[in-house]
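In the working numbering, the protein residues as written are 2 to 185. Each residue gets a CB set at the ideal place from its N, CA and C atoms; glycine is no exception. Below: the structure, in structure tokens.
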């Protein structure tokens, strides 16, 4: 019996498809709703995936897992791809190569500190307001959850969570909670 490294072969096939359609691992992750690290692991032959994920990746190209996994199976034409895949290919062409942005905790802390310096002790605010102000003034984008994470860690002694919620918010989900500046 011939020994075949299936993970390595699958990795080679996926790389061939990425190159053909000018996609990146982040695009595949987006289309199959998984993390980029999973796809990167497959491409580096460091991770394996379950059959369900193999099928999802194959369906990006309008194939079944056994067709996609066959190195001799012809690569489908652009016109035969699902609409969502075509849209992602167009997006990647428009945006260019993906740029991975990693923020250091000091960068986000400095930005939060600058915004908090405009408040007085006792002032209340939403984490979303801090994120929006940072975006407007410093052209940096942080998620509200990143801001809250900093409040809970780096700014633990300066910012405290109140029991007051933003009741003006409509829609589903929990209402945002106000925070209070307790010391500078």
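Residue i, buried or exposed, once every other Cβ within 10 Å from all chains shown has been counted against 16
i	result
residue 112	buried
residue 142	exposed
residue 144	exposed
residue 28	buried
residue 64	buried
residue 102	exposed
residue 163	exposed
residue 86	buried
residue 67	exposed
residue 74	exposed
residue 151	buried
residue 132	buried
residue 146	exposed
residue 79	exposed
residue 32	buried
residue 128	buried
Sequence-distant residues of its chain with Cβ nearer than 8 angstroms to residue i (five each side left out)
i	result
residue 39	30, 48, 50, 54
residue 159	117, 182, 183, 184, 185
residue 94	23
Distance, residue j Cα to residue i Cα
i	j	result
residue 22	residue 88	12 angstroms
residue 26	residue 37	6 angstroms
residue 45	residue 91	25 angstroms
residue 7	residue 61	20 angstroms
residue 110	residue 123	20 angstroms
residue 166	residue 156	20 angstroms
residue 108	residue 82	41 angstroms
residue 173	residue 10	45 angstroms
residue 148	residue 58	34 angstroms
residue 125	residue 13	54 angstroms
residue 71	residue 43	16 angstroms
Paired residues, beta bridge with residue i - DSSP
i	result
residue 47	The partner list for residue 47 (beta bridge, DSSP) is empty, contrary to what the question assumes.
residue 166	178
residue 161	181
Contacts around residue i, its chain only, beta-carbon distance under 7 angstroms, and the 5 residues preceding and following it disregarded
i	result
residue 175	none
Beta-carbon proximity list for residue i, same chain, < 6 angstroms, skipping 5 on both sides
i	result
residue 139	112
Closer than 8 angstroms: residue i CB and nearest the ligand MN heavy atom
i	result
residue 135	The ligand MN is not among the ligands present in this structure, which contains no ligands whatsoever.
Residue ranges of each alpha helix (DSSP H) within the stretch 62 to 147, 4 or longer: Runs found: 66 to 69, 84 to 96, 106 to 117, 128 to 139.
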